[in-house]
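Numbered according to the working numbering, the sequence shown spans residues 3 to 301.
All C-beta atoms in this analysis are idealised placements derived from N, C-alpha and C, irrespective of residue type, glycine included.
Computed from a predicted structure; not experimentally measured.
Take a look at the structure below.
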Amino acid sequence: MRDTTQNIYYERMLRVLAHIQVHLDDELSLESLAATAHFSTTHFHRIFKGMMGETVAEHVRRIRMERAAMRLICRQSSVTGAAFDAGYETVESFSRAFSRMFGCAPSRYRRKHWEALQQRLPGIIHYQPDGSGAGLAINPQGGIPMDVRIENIPAAKGIFVRHTGPYAQCGPAWETLCAWAAPRGLCRNDTRYIGVSHDDPQVTPPDKIRYDACITVNEDVTAEGRIGIQTIGGGPYAVFRHKGPYSGLERVYARLMGQWLPRSGREFEDAKPCFEVYLNHPDATPPEELLTDVCLPLK
């Protein structure tokens, strides 16, 4: 009975988190989210805080602020536009909140990242954790040009287990997912193993990073406990094939976002998450031979 109740709570919370991700620009009232979770408003607020470690308002505000930071980095928004997109009525209140979260004003945060690009210095631009979330480093050794292809990736149904924490610690989520899927015959030769990366580790605190261990399914599978359902893909993506250990994926994202994207003439679609398609198995493949397609959603 205890496990059944826990599974129901996981299932309902995953439904709410997926709803927030898709409707981040909408008015996300506590009442509507509680209805999505099939809880009373009072109970839902307490359950959410207990399971997520933050209130609903804090969660939505943080996700919107992190999206604003990414839009500033990608030069897809002015400070004023980022403020309104994040739900603030004035630029001043947004700037104060932004400075508390990232350690500097949004205009300086944006300028620090983009001065490096405008100088057109050689090297690999990547974000560097320095406590403020606003660091930027340039590798003077240069880098190999990125062989990026544009693909229209059809939407696919996936089942997933949510991991919250550093990306490198997502192993238990995969173990839970495969332990559930394998006995049901869902791990086949044509199954795609996908990691959905919702957050930038240089923007989101380590204990708040969201990652979905996901496999594609064709069957009419329903959500159950920690097993959620989501749609992956659907639209144009920039795809880069990374060869090497998974620890190098953050560098790939930094190059895609900081080098390729600004010069591509394309825009990042931040309403959809990035994801990774793992093309061989880490248990049977040396780290230097691992192949991963990194997929960046485009408008």
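query: Beta-bridge pairing of R231 - partner residues as DSSP gives them; result: A small correction: the amino acid at residue 231 is Ile; Arg does not occupy that position in the sequence shown. DSSP output for I231 lists I161 as bridge partner(s).
query: Spatial distance of P185 from G173 (CA atoms); result: 19 Å
query: Beta-carbon proximity list for V58, same chain, < 7 Å, skipping 5 on both sides; result: L32, L35, H47, F50
query: R151 - partner residues in DSSP beta bridges; result: V241
query: Close beta carbons around F277, own chain, < 7 Å, minus the five adjacent residues each side; result: I196, G197, V198, S199, I234, C297
query: C172 in three-state terms, based on DSSP; result: coil
query: Candidates S266, I231, T294: closest to V18 by CA position; result: I231
query: Where S42 falls, given that 16 or more other Cβ within 10 Å makes a residue buried; result: exposed
query: Proximity of P203 and Y169 at Cβ, strictly below 8 Å; result: yes
query: R69 versus F86, E56, M54, residue with shortest Cα-Cα distance; result: F86
query: Top-ranked residue by Cα proximity to H244, from Y111, Q171, D295; result: D295
query: Beta-carbon proximity check, K210 vs T166, cutoff 8 Å; result: yes
query: Three-state secondary structure assigned by DSSP to S266; result: helix
query: Where I22 sits in the DSSP three-state scheme; result: helix
query: For G187 and T193, the rounded distance between their alpha carbons; result: 10 Å
query: Ranges of the alpha helix (DSSP H) found wholly within the region 71-99, counting only runs of at least 4; result: 81-87
query: Closest by C-alpha distance to A225, when choosing among R98, S266, L179, Y248; result: L179
query: Top-ranked residue by Cα proximity to E269, from C76, S97, I229; result: C76
query: Contact set for Y280: own chain, Cβ-Cβ below 6 Å, skip 5 residues either direction; result: Y195, T294
query: Alpha-carbon spacing of F242 relative to D149, whole angstroms; result: 6 Å
query: Element boundaries [alpha helix (DSSP H), containing Y195]; result: That residue, Y195, is in no alpha helix (DSSP H); its beta strand (DSSP E) goes 195-199.
query: Proximal residues to M259 (C-beta, below 6 Å), its chain only, five neighbours per side dropped; result: none
query: Residue range of the beta strand (DSSP E) that includes A215; result: 212-218
query: Where L35 falls: helix, strand or coil (DSSP); result: helix
query: Same chain, Cβ closer than 7 Å to Q78, neighbours up to 5 away in sequence not counted; result: E269, F270
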